[in-house]
Every structure is written in structure tokens, then in C-alpha cells.
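A.B. asks: If you number the sequence shown the way full-length UniProt numbering does, the last residue is 325 and the count never jumps.
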Amino acid sequence: MSSLTGSITLLTGGAGGAKLAEGLTLLLPPEQLTIVPNIGDDDRFHGLWVSPDVDTLLYTLANDIDREQGWGLRADSYHLLARLAELGQPTWMQLGDRDIATHLIRTMLLAQGQDAQQVTTYLARQLGIDANIVLPSRATVQTRVHTALGELSMESYFVQHGAKPAVQKVEFVGEGLSQPNSACLEAIDNSQLILIAPSNPLLSIAPTLQVTGIRQSLLNSSAARVAVSPIIGGKTVKGPACEVMAACGYSPTVTGVAEFYHGLIDALVIDHADAAQVRDIERMGIKVLLTDTLMPTVASRINLAEKILSYVDVTFVQHKRRVVA
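(1) In chain order, what residues of the same chain have a beta carbon less than 6 Å from the beta carbon of Ser222, not counting five sequence neighbours either side?
(2) Is it true that the CB of Ile129 sits closer than 8 Å to the CB of Ser62?
(3) From the DSSP output, in three-state form, read off Arg225 for me.
(4) Let me confirm a value: Glu171 is counted as buried when at least 16 other C-beta atoms fall within 10 Å, else exposed. Which label applies?
(5) Which two residues bound the contiguous beta strand (DSSP E) that contains residue 328?
(6) Residues in its own chain within less than 6 Å of Asn190 by CB, not counting five upstream and five downstream?
(7) Whole angstroms is fine: what's the gap from Pro136's alpha carbon to Ile302's?
(8) Taking a contact to mean a Cβ-Cβ separation below 8 Å, would you say residue 330 touches Leu264 in this structure?
(9) Would you list, in sequence order, the uninterrupted alpha helix (DSSP H) runs of no fewer than 4 residues that lie entirely inside the segment 193 to 252?
(10) Assuming Ser7 is part of the beta strand (DSSP E), what are its boundary residues?
(11) Pairs of beta-carbons, one from the segment 84 to 98 and one from the segment 109 to 120, closer than 8 Å: are there three or more?
(12) When burial is assigned at 16 or more other CB atoms within 10 Å of the CB, is Asp292 buried or exposed?
(13) For Ala187 and Leu87, what's the separation of their Cα atoms in angstroms?
(14) Is it right to say Ala101 is buried, meaning 16 or more other beta carbons lie within 10 angstroms of its own, or is it exposed?
(15) Please classify Trp71 as buried or exposed, where buried requires at least 16 neighbouring CB atoms within 10 angstroms.
(16) Could you spell out where the beta strand (DSSP E) holding Arg145 opens and where it closes?
(17) Should the segment 228 to 243 be called in touch with the segment 209 to 216, which here means at least 3 C-beta pairs below 8 Å?
(18) Just tell me which of Lys169, Ile281, Gly174 and Ile286 has its CA closest to the CA of Met245.
(19) Say the cut is 7 Å; is the CB of Leu304 nearer than that to a heavy atom of the ligand MG?
(20) How many angstroms separate the CA atom of Ala82 from the CA atom of Asp41?
(21) What is the residue span of the beta strand (DSSP E) that Arg83 lies within?
(22) Below 8 Å between beta carbons: does that hold for Ser300 and Asn38?
(23) Have a look at Val12 and Asp55 and give me their C-alpha separation to the nearest angstrom.
(24) Mapping DSSP to helix, strand and coil, what is Glu259?
(25) Between the alpha carbons of Gly249 and Leu177, how many angstroms are there, rounded?
Next comes the structure, spelled out in C-alpha cells:
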């Protein structure tokens, strides 16, 4: 087990990121870990403000996630959605009845003048979550995917169109890009370890990195900076990371992940299935931890978190102590 005692910040998004967050929260005291989720998927549906990645994180940490599909609440029903369809409304965004209660509360509190950070903190506490969840911005950041069908919101691209339209480019919009959450910058600046979860680099992590000051804070950080590749054996467990990376000029491999994060990380965690690419990554000046990165169970999530923390302790923290001595 790791002897890391300093603060840890996790940049995350999507189901893969929520899985690693779960493993870390089951190992670490809540005051040691700050989790920064993706807000680029946020959008309005049926008049309600929905934060898909934030809610996936909340439901996972509350142990109320539908673990089979990786999003939404377990044992949820869809009576409201069925009624909306009867009334001629688009229902491609699958919002369950219990899930909609979250969006109702979020929309109501935002209308009352609370900001997104305050609302997220409130929801976390109501769900019994002790983890410190800090948004990259208190304002809006949204991902826009330019495709052969035109410009699409992230959820329209991913859910409505099944991530099938050919991607031309990805961009980010919103006032939040120039309004970083000071608590996020403070967490990064005070970290002993900065982790990037096995999330889609361009669609789940890039929205956070695009917020003013966050990328620069990572570049300037003296913390150990470690990313976990979402690609295993040339494929993603779920989602279009490979397709989007290729469309944006990156190799859809763990080497491409290393290229995307080059300068922002000191080490990359990859699966044994990608062992042949270790030297290519190391030639970029990035260390490699080779381990099992698939996380189908809670035990496997804890195991990966333990391996990462132990690796960082030995490779960075203890090494630094020896150098100083």
C-alpha cells in the first residue's frame, strides 16, 4: 500500500473516469482527494439542465449507478420519457424518472441563483458522498463536435447519432472557458499527485484543460503527473475515443494518448495488451506503468488505484527523497 500523504487531484470524465474515482475514494480519506469532472457534456433537455458526466460520477460514488450500462440510476423507470414521446417530444436522451429528479433540483437551484459548483456540492451531500468534487469552472463549458452532419453538441453526437458521424474537429465554447474555478486551480497547485483518468482525452479531459489556467497549472506543477490510457489493445472499452483521436490527428493507440498528453504528464499507465508500445512512449520522456487497466468490478478499481498510488510513491516520491538526501 502507498504511503502517499499529500493531496491528490483526479481529472475525470465518463464511465471510465468514474470507475477510477470510485477505486480512489474507497482507498483514500475524503480530504486527500479532489475530483474534477468533465462539464463539457452539459446541456438542456426538456427545459432541464443536465450534467451527464457529473451525474455519472455522483451516482457511481453513491453506489446507485446502473453498473450494466455505466450511466443512469439502477432500477430506474422511464414513465415520464414515454409520456413525452406520446406528446411528440424527442426522447433520444435517455433520462429515467429518478434521474430526472436530479435535473429538476439542479435546474431549480440554478434558477434561484446558485452556481454549478454549489449545486454539485449540494447534490453530493444529499447522496451521502464525502468526496470533494470540484468543477473546472462555475460557469458553462460545452463541447461542440463538427461532423459531416454539421455541428453537434456532445450528447447529440454521442447519444442521438451513436458517435457514427465522421468527426472533422472538436471545439469548446462557453463563458466558463475564461472563468476557472479558483478551487480547481488551488487543488492542482497544492497536489502531490495529479491523475488523469482513463477518459476520452479529447471529449472528456480536453474540456477541462481548455479552461483558462488549468493546462498551465499542470505544465507548471511539481507534482507527479500520471495519466491512465483509456485504450486497451488498440480499442476503447466504451465510447469513440479511437475514432475521435484519429480524426483530430492522433494515433488511436496508447502512443497517441501519450502524444496528446505530452508535456502534461510524467507517466502513463497502460495495459499489458499494449506492452509493445512501451519504448515508443518512453522515447517521449514519459515513464510507463504496465498493469491491468480494465475495471469491470469494484475490486479491480481498487486494485488499479492501489497500483497507481504505489507506483507513484516508489517512482516519484521516494526517488525525490533519495535525490534530496
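From the three backbone atoms N, C-alpha and C, an ideal C-beta is built for every residue, glycine too.
C.D. replies: Reading it off the structure:
(1) Taking the first residue of the sequence shown as position 1, residue 222 is located at position 222. Closer than 6 Å at Cβ, skipping near neighbours: no residue.
(2) Residue mapping note: residue 62 aligns to position 62 of the sequence shown, counting from 1. Residue mapping note: residue 129 aligns to position 129 of the sequence shown, counting from 1. Sequence inspection shows Ala at residue 62; the Ser mentioned does not correspond to that position. Less than 8 Å divides the Cβ of Ala62 from the Cβ of Ile129.
(3) The residue you call residue 225 lines up with position 225 of the sequence shown. Residue state, collapsed to three classes: strand.
(4) For the purposes of this step, residue 171 is taken as residue 171 along the sequence shown, with counting starting at 1. Within 10 angstroms of the beta-carbon of Glu171 lie fewer than 16 other beta-carbons, which makes it exposed.
(5) In the structure as shown, the chain begins at 1 and stops at 325. Residue 328 is therefore absent and cannot be evaluated.
(6) Your numbering for residue 190 matches position 190 in the sequence shown. Closer than 6 Å at Cβ, skipping near neighbours: Ser7.
(7) As a first step, residue 136 is located in the sequence shown; it is residue number 136 there, counting from the start. As a first step, residue 302 is located in the sequence shown; it is residue number 302 there, counting from the start. Ile302 has its alpha-carbon roughly 25 Å from the corresponding atom of Pro136.
(8) The chain is shown from 1 up to 325; residue 330 falls before or after that span and cannot be answered.
(9) 206 to 209, 214 to 220 and 241 to 247, all fully within the segment 193 to 252.
(10) Taking the first residue of the sequence shown as position 1, residue 7 is located at position 7. Ser7 to Leu11 is the extent of the beta strand (DSSP E) around Ser7.
(11) The answer is no - the segment 109 to 120 does not touch the segment 84 to 98, with fewer than three Cβ pairs under 8 Å.
(12) Start at 1 with the first residue of the sequence shown, and residue 292 comes out as number 292. That one is exposed.
(13) Locating residue 187 in the sequence shown gives position 187, where the first residue counts as 1. Locating residue 87 in the sequence shown gives position 87, where the first residue counts as 1. Approximately 46 Å, taken between the alpha carbons.
(14) If you number the sequence shown from 1, residue 101 lands on position 101. Ala101 is exposed by the Cβ-count criterion.
(15) Here residue 71 refers to the residue found at position 71 when the sequence shown is read from its first residue. By the neighbour-count rule (16 or more Cβ atoms within 10 Å), Trp71 is buried.
(16) Position 145 of the sequence shown, counting from 1, holds the residue named residue 145. Arg is not the amino acid found at residue 145; the sequence shown has Val there. According to the DSSP assignment, Val145 belongs to the beta strand (DSSP E) that extends over Gln142 to Thr147.
(17) The answer is no - the segment 209 to 216 does not touch the segment 228 to 243, with fewer than three Cβ pairs under 8 Å.
(18) Here residue 245 corresponds to residue number 245 of the sequence shown, with the count starting at 1. When each option's Cα is compared against that of Met245, the closest is Lys169.
(19) Questions concerning the ligand MG fall outside what the structure shown contains, since it holds no ligand whatsoever.
(20) The residue given as residue 82 occupies position 82 in the sequence shown. The residue given as residue 41 occupies position 41 in the sequence shown. Straight-line spacing of the CA atoms in Ala82 and Asp41 works out to 23 Å.
(21) Along the sequence shown, one-based indexing puts residue 83 at 83. Counting along the chain, Arg83 falls outside any beta strand (DSSP E), though it belongs to the alpha helix (DSSP H) covering His79 to Glu86.
(22) Counting from 1 along the sequence shown, the entry for residue 300 is found at position 300. Counting from 1 along the sequence shown, the entry for residue 38 is found at position 38. Taking 8 Å as the cut-off, the Cβ atoms of Ser300 and Asn38 do not count as close.
(23) To locate residue 12, count along the sequence shown from 1; it is residue 12. To locate residue 55, count along the sequence shown from 1; it is residue 55. Position check: residue 12 holds Thr in this sequence, whereas Val was assumed. Between Thr12 and Asp55, the C-alpha separation is close to 12 Å.
(24) On the sequence shown, residue 259 is found 259 positions in, with the first residue counted as 1. Collapsing the DSSP output to three states places Glu259 in a helix.
(25) Taking the first residue of the sequence shown as 1, we reach residue 249 at position 249. Taking the first residue of the sequence shown as 1, we reach residue 177 at position 177. C-alpha of Gly249 to C-alpha of Leu177: approximately 23 Å in a straight line.
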